[in-house]
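Quick notes on the structure that follows.
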Amino acid sequence: MAKKREIQEINASSMADISFLLLIFFLVTTSMATDKGLMRRLPAPVPEEEKKEEEVEINERNMMMILINSNDQLMVNNELMDVRDLKEKAKEFIANPNNSETLPAKKVENIPFFGDIAITKDHVISLQNDRGTSYQAYINVQNELVAAYNELQNDLAKNKFGAAFEDLDDDRKKAIQKVYPQRISEAEPKNYGQQQAAAEGGAQ
Amino acid sequence: MAKFRKDGGKKLPAVSTASLPDIIFMLLFFFMTTTSMKEVTLMVDQKMPQGTELKKLEKKSLVRYVYIGKPKAQFQKSYGSESRIQLDDAFANDPKMVESYIATKRAAMNEDDQPFMIVSLKVDKDTKMGIVTDVKQALRKAQALNISYTATQRANSNY
């Protein structure tokens, strides 16, 4: 009887090289998913014919005017301000903890979990920037405003439910969002900076 | 005299590399799952602004991108150094082009997903707000109201 021939093993030593090649290919062509951003919602477009009626009368105490000029300077309610102080100012404005006469009026609302609670329902933070404002300055301001809302919501969540806002269920989150509704409105930007530059250019 | 080992004596067995492909494959799968293909070739400079209140964009399939920034060095000859908008792999000459771009992208999406489309604005931090505002107005007109200003996380809250 013939000697049974052993089946030769397939040489797998090149397998490592092949998979290395694949690995390197994927490393080069892909990127880690690190896309983070400031989530905002734009207001719905206003039809052309209704544009003139857009100007709604807002009581002065309910309004926080934030202007950013083309040099990235900040003006809040006609006062020059540093971006670092904006969050505290915004928090005070949104919550109106001492029921001040100059800060937004409080109205009693019935909200689940909270019952009747006085909230600054009609406050508006109005943000206006120049066409020459840098993007980073704009993001800084947006970031501070969102931070102000987030901190207020978080504080409330901790006081009322003893947990961070993110850990609450949807109903409780909604209730808290009702207590501090986000009301940031953006006006059409002005073009002072460029006009000025054009005037200076003309003078030269 | 000490004995020297004879040549051709006992050899150390070779280290088995049979498991090497498996290890590499594991690495490969790890990278395949955690990363995603590059969407486009960037033609504009992108240095993201910094922020602290950022949220992760969870569902990539819902996100469409608009890039704004100064053209990269090799494009500056033909396109100038003013900030420009990049949609997919081409420059847009007019912010109004964003409107039709979004409309096409939305039409290509699954119908159930369309209302949840998010437009991620990837804007260089030194861009002037003028062009960003034009794009935002175009997005409003295109009814793409969910937007995200892409930024990188800042470790502390100092400026």
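These protein sequence lines map, in sequence, to chains A and B.
Mapping of the first sequence onto the working numbering: residues 1 to 204, in sequence order.
Mapping of the second sequence onto the working numbering: residues 1 to 159, in sequence order.
Even for Gly, the Cβ is constructed at its ideal location relative to N, Cα and C.
| task | Give the interface partners of phenylalanine 31/B over in chain A, defined as CB-CB distance under 8 Å, in chain order. | result | Leu23, Phe26, Leu27 and Thr30
| said: Can you tell me where the beta strand (DSSP E) holding methionine 75/A begins and where it ends? | reply: 74–76
| Fully enclosed by the region 53–89 of chain B, which alpha helix (DSSP H) runs are 4 residues long or longer? | 76–79
| task | On the DSSP bridge assignment, give the partners of isoleucine 119/A in chain order. | result | Lys107/A
| said: Quick check on DSSP: helix, strand or coil for alanine 92/B? | reply: strand
| task | Specify the secondary structure class of serine 19/B as computed by DSSP and reduced to three states. | result | coil
| query | Which residues in chain B sit within 9 Å of asparagine 71/A, going by Cβ to Cβ distance? | reply | Correct list: empty, because the minimum Cβ distance to chain B is about 12 Å.
| field | tyrosine 180/A: first and last residue of the uninterrupted beta strand (DSSP E) it sits in | value | Segment: none, tyrosine 180/A is in no beta strand (DSSP E) and carries neither H nor E.
| task | For chain B, find out if any of its Cβ atoms is closer than 8 Å to the Cβ of proline 104/A; answer yes or no. | result | no
| request: Mind listing the chain B neighbours of lysine 36/A? Cutoff is C-beta to C-beta under 8 Å, in chain order. | output: Leu54, Lys55, Lys56, Leu57, Thr150, Ala151, Thr152 and Gln153
| said: Could you check whether alanine 187/A and lysine 145/B sit closer than 8 Å to each other, using their CB atoms as the reference points? | reply: For the sequence presented, residue 145/B should be read as leucine rather than lysine. No, Cβ-Cβ distance for leucine 145/B and alanine 187/A is not below 8 Å.
| Name the chain A residues that come within less than 9 Å of arginine 140/B, Cβ to Cβ? | Leu42, Pro43, Ala44, Pro45 and Val46
| query | So what's isoleucine 102/B in DSSP terms, helix, strand or just coil? | reply | helix
| message | Taking only three categories from DSSP, how would you classify leucine 139/B? | response | helix
| Where glutamate 205/A falls: helix, strand or coil (DSSP) | Shown here, chain A extends from 1 to 204; a query on residue 205/A therefore has no answer.
| query | To the nearest whole angstrom, what separates the beta carbons of isoleucine 147/B and leucine 62/B, a pair I think is in contact under 8 Å? | reply | The Cβ separation is near 12 Å, so there is no contact.
| query | If we ignore side chains and look at the alpha-carbon of each, how far apart do arginine 64/B and leucine 87/B end up? | reply | 10 Å
| When Ser19/A, Ser126/A, Asn143/A and Glu6/A are compared against methionine 63/A, the one with the closest alpha-carbon | Ser126/A
| Residue nearest to lysine 173/A in terms of C-alpha spacing, selected from Gln182/A, Ala157/A, Ser185/A and Lys36/A | Ala157/A
| DSSP three-state assignment for glutamine 46/B, whether helix, strand or coil | coil
| query | Is any heavy atom in the ligand FMN found nearer than 7 Å to the beta carbon of proline 71/B? | reply | Judged by which ligands are present, the structure shown has none, so any question about the ligand FMN falls away.
| query | Are three or more beta carbon pairs between the region 42–58 of chain B and the region 9–17 of chain B nearer than 8 Å? | reply | no
| message | Between which residues of its own chain and lysine 47/B is the CB-CB distance below 6 Å, once the five residues before and five after are set aside? | response | Asp124 and Lys125
| So which residues on chain A does proline 21/B lean against when the C-beta distance must stay under 7 Å? | Ala12, Met15, Ala16 and Ser19
| message | Relative to the C-alpha of isoleucine 184/A, which candidate in Ile10/A, Ser14/A, Asp122/A and Asn59/A has its C-alpha closest? | response | Asp122/A
| Going by beta carbon distance, what residues of the same chain come within less than 8 Å of aspartate 81/B, once the five residues before and after it are set aside? | Note that residue 81/B is serine in the sequence shown here, rather than aspartate. Within the same chain, serine 81/B has close Cβ partners Lys70 and Pro71.
| What does serine 126/B touch in chain A if you count any residue whose Cβ is under 9 Å from its own? | Checking the sequence shown, residue 126/B turns out to be aspartate, not serine. Under the 9 Å cutoff, chain A gives Ser134, Tyr135 and Gln136.
| Taking just the CA atoms, how far does alanine 148/A sit from leucine 103/A? | 16 Å
| task | Tell me, to the nearest whole angstrom, how far the beta carbon of serine 83/B is from that of threonine 17/B; I am working on the premise that it is less than 8 Å. | result | Incorrect: roughly 53 Å between the Cβ atoms, too far for contact.
| query | Helix, strand or coil: how does DSSP classify glutamate 111/B here? | reply | coil
| Which of the three DSSP states, helix, strand or coil, is assigned to leucine 23/A? | helix
| field | chain B within 8 Å of asparagine 169/A, Cβ atoms only | value | As written in the sequence, residue 169/A is aspartate, which differs from the asparagine given in the question. Chain B, which has no Cβ nearer than 8 Å to the Cβ of aspartate 169/A, makes this no.
| field | Start-to-end residues for the beta strand (DSSP E) that takes in lysine 160/A | value | Per DSSP, lysine 160/A belongs to no beta strand (DSSP E); it is in the alpha helix (DSSP H), 135–161.
| message | If contacts are defined as beta-carbon pairs under 8 Å, then leucine 139/B and isoleucine 102/B qualify, I think. What distance do you get, rounded to the angstrom? | response | 7 Å
| query | Which of helix, strand or coil does DSSP assign to asparagine 146/B? | reply | strand
| Between isoleucine 139/A and chain B, is there a C-beta pair that is closer than 8 Å? | yes
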